[in-house]
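According to the working numbering, the residues represented by the sequence shown are 4 to 114, in order.
All residues carry an ideal CB built from backbone N, CA and C; glycine is no exception.
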Amino acid sequence: MLELTSEFKLSPDQQEAIKGIVKSIKKGNKYQTLLGVTGSGKTFTMANVIKELNIPTLIMSHNKSLCAQLYSEFKGFFSKNHVEYFISYYDYYQPEAYIPRTDVFIEKDSS
């Protein structure tokens, strides 16, 4: 059972977003988008979605600095649960790939 710890209180908009996202995921929709300006409580909203769904969750970020911030915040929200993070050492990674339609093989590349 996931235990969410926070001094924050949910706003009515956050409560509505949580209900909508949870309902949508339970209907089988795999992908969700939560939009909001900086500082609007998106991370706290998602923590509440994770708590409501009570399932293992992978959070991905496009930015290494944001990844560390998200880890810190989720570790605080779920202090009694297992929260980990991984940051790739690569700035760029292209796995090897084959495109049958054009018979093109792409070599693996990284930096």
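Count the other CB atoms within 10 Å of the CB of Q175; is the residue buried (16 or more) or exposed (fewer)?
Past the edges of the chain, shown from 4 to 114, lies residue 175, and the structure says nothing about it.
Extent of the continuous beta strand (DSSP E) to which V107 belongs:
Segment V107 to I109, the beta strand (DSSP E) holding V107.
Assign N51 to buried or exposed, taking buried as 16 or more other Cβ atoms, counted over all protein chains shown, within 10 Å of its Cβ.
Buried, since its Cβ has 16 or more Cβ neighbours within 10 Å.
Coarse secondary structure for Q97, derived from DSSP in three states:
Here Q97 sits in strand by DSSP.
In this structure, what does DSSP give as the bridge partners for S113?
Its beta-bridge partners are Y96.
Does DSSP put I24 in a helix, in a strand, or in coil?
DSSP places I24 in the helix class (H, G or I) of the three-state scheme.
How big is the Cα-Cα spacing for E55 and V40?
Straight across, the Cα-Cα distance linking E55 with V40 is about 23 Å.
Measure the alpha-carbon distance for F23 versus L37 and round it to whole angstroms.
What sits at residue 23 in the sequence shown is Gly, not Phe. Going from the Cα of G23 to the Cα of L37 covers about 10 Å.
Among all the DSSP beta bridges, which residues are the ones paired with I102?
The beta-bridge partner set that DSSP reports for I102 consists of V107.
From N66 to L13, what distance separates their C-alpha atoms?
Their Cα atoms are separated by approximately 26 Å.
Other residues of its chain near S43: CB distance less than 7 Å, five sequence neighbours each side excluded
Cβ contact annotation for S43 (same chain, cutoff 7 Å, sequence separation greater than five): none.
Within a Cβ cutoff of 8 Å, which residues of the same chain sit near I62, ignoring the five residues on either side of it in sequence?
So the list reads M49, L73 and F77, once near-sequence residues are dropped.
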